[in-house]
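Below: the structure, in structure tokens.
Residue numbers (the UniProt record's numbering): 1 to 323.
See below:
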């Protein structure tokens with residue numbers, strides 16, 4: 001009986017990864033039609049925040065004090081993990097293939113390792129170091145620095161900016177009060193992110209451009225509403241809700257590990273819909289980055305199990321986790 005919930009959790013985690021992976025492809029059609037990346041982010045997360053507002057309020061069950069206690073963390077989450085991460089990622093998609101932009105963003109997990117070491121003195125274990133080295137070794141291959149890919153430096157910088165935002169997501173999410181429901185955090189954070197970008201845009205600090213005619217999506221001319229609905233409902237609402245449900249069944253660490261398949265799905269979707277396919281060298285670099293991030297995740301899972309393992313009985317030798 002216990003295998004069935006685990007199977008459901010795995011299915012939800014994969015569905016979350018697939019739906020998250022569609023965001024770059026949906027956004028590309030709007031950006032090529034003249035939308036600014038910031039306007040795309042506002043449309044995506046603003047709509048999703050509104051749709052999730054009701055389930056977010058119901059999840060609180062009147063415990064508004066929990067939200068008040070976490071206002072600073074939720075605000076930082078919205079600014080860094082939502083506004084910065086997504087604006088940088090969609091700007092990267094303007095210059096880079098979707099898969100390459102996403103691989104650069106996923107380097108944020110390696111940045112978290114450096115952050116916890118430099119700020120909190122948590123020296124990484126051997127497996128984490130190996131994973132970080134593998135991921136960083138894959139970066140030059142993804143950028144194809146010796147080949148003919150000729151990636152735009154502006155796109156690379158935007159992708160690394162998205163990595164900083166993703167690192168902020170993991171750092172801040174780990175500090176949020178356990179009493180704050182995940183759907184409430186997602187809705188409030190997306191609302192803050194959308195509002196911040198809108199204010200900066202109206203003040204002239206960020207470009208806000210949007211067109212409301214037809215766009216080209218999957219080689220076909222269609223209404224601008226199609227990618228907007230895809231971004232807000234598929235790549236945000238469905239992605240977040242299934243991800244939250246998966247985390248409750250599998251646990252946050254294991255579900256985030258399964259979420260690494262987002263990179264694979266993003267490359268596949270971009271290939272099928274946009275005709276984008278990385279070079280062989282870039283694919284090999286992508287394998288190194290994903291493998292490196294996976295090693296970091298595996299080490300986190302092993303560490304978590306060691307921490308929660310019950311103490312050995314007096315008659316048995318204690319089990320010692322690897323350093």
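Glycine is no exception: its CB is placed at the ideal position from the N, C-alpha and C atoms.
These numbers were taken from a predicted model, which means no experiment stands behind them.
Can you tell me which of the options puts its alpha carbon nearest to the alpha carbon of residue i?
{"i": "residue 188", "options": "173, 26, 284, 108", "result": "173"}
{"i": "residue 50", "options": "212, 196, 186, 226", "result": "186"}
{"i": "residue 139", "options": "110, 167, 52", "result": "110"}
{"i": "residue 299", "options": "218, 263, 118, 113", "result": "113"}
{"i": "residue 85", "options": "33, 160, 48", "result": "160"}
{"i": "residue 78", "options": "200, 115, 195, 246", "result": "195"}
{"i": "residue 179", "options": "63, 214, 21", "result": "63"}
{"i": "residue 12", "options": "255, 169, 36", "result": "255"}
{"i": "residue 247", "options": "289, 168, 88, 182", "result": "182"}
{"i": "residue 258", "options": "226, 301, 275", "result": "301"}
{"i": "residue 69", "options": "213, 265, 290, 177", "result": "177"}
{"i": "residue 65", "options": "184, 119, 76", "result": "184"}
{"i": "residue 141", "options": "127, 103, 120", "result": "103"}
{"i": "residue 106", "options": "274, 206, 36, 169", "result": "169"}
May I ask you to report which of helix, strand or coil DSSP gives residue i?
{"i": "residue 212", "result": "coil"}
{"i": "residue 20", "result": "helix"}
{"i": "residue 282", "result": "helix"}
{"i": "residue 220", "result": "strand"}
{"i": "residue 33", "result": "coil"}
{"i": "residue 86", "result": "helix"}
{"i": "residue 177", "result": "coil"}
{"i": "residue 96", "result": "coil"}
{"i": "residue 61", "result": "coil"}
{"i": "residue 204", "result": "coil"}
{"i": "residue 303", "result": "helix"}
Residues in the same chain with beta-carbon distance under 7 Å from residue i, minus the five sequence neighbours each way, listed in chain order, please.
{"i": "residue 39", "result": "208, 209, 210"}
{"i": "residue 22", "result": "230, 234, 235, 269"}
Note down, in chain order, each residue of its chain lying with its Cβ closer than 6 Å to the Cβ of residue i, except the 5 sequence neighbours on either side.
{"i": "residue 277", "result": "271"}
{"i": "residue 238", "result": "19"}
{"i": "residue 8", "result": "none"}
{"i": "residue 303", "result": "none"}
{"i": "residue 267", "result": "99"}
{"i": "residue 44", "result": "231, 232, 236"}
{"i": "residue 116", "result": "122"}
My assumption, with CB atoms under 8 Å, is that residue i sits in contact with residue j. Please give the rounded CB distance.
{"i": "residue 260", "j": "residue 293", "result": "6 Å"}
{"i": "residue 97", "j": "residue 249", "result": "With a Cβ gap of about 33 Å, residue 97 and residue 249 do not count as contacting."}
Leaving out five residues on either side along the sequence, give the residues of the same chain with a beta carbon under 8 Å from the beta carbon of residue i.
{"i": "residue 242", "result": "12, 13, 15, 16, 19"}
{"i": "residue 316", "result": "Here the model assigns residue 316 a pLDDT of 30, short of 50, so the residue's position is not dependable, and the following value carries that caveat. Taken in chain order, the list of residues that qualify is empty."}
Would you call the region 49 to 58 in contact with the region 120 to 140, where contact means no fewer than 3 C-beta pairs closer than 8 Å? No, they do not touch.
Within 8 Å, do at least three Cβ pairs link the region 34 to 48 to the region 278 to 290? Note that the region 278 to 290 does not touch the region 34 to 48; fewer than 3 beta-carbon pairs, one per stretch, sit closer than 8 Å.
Contact the region 151 to 169 vs the region 24 to 32: 3+ CB pairs below 8 Å: No, the region 151 to 169 is not in contact with the region 24 to 32.
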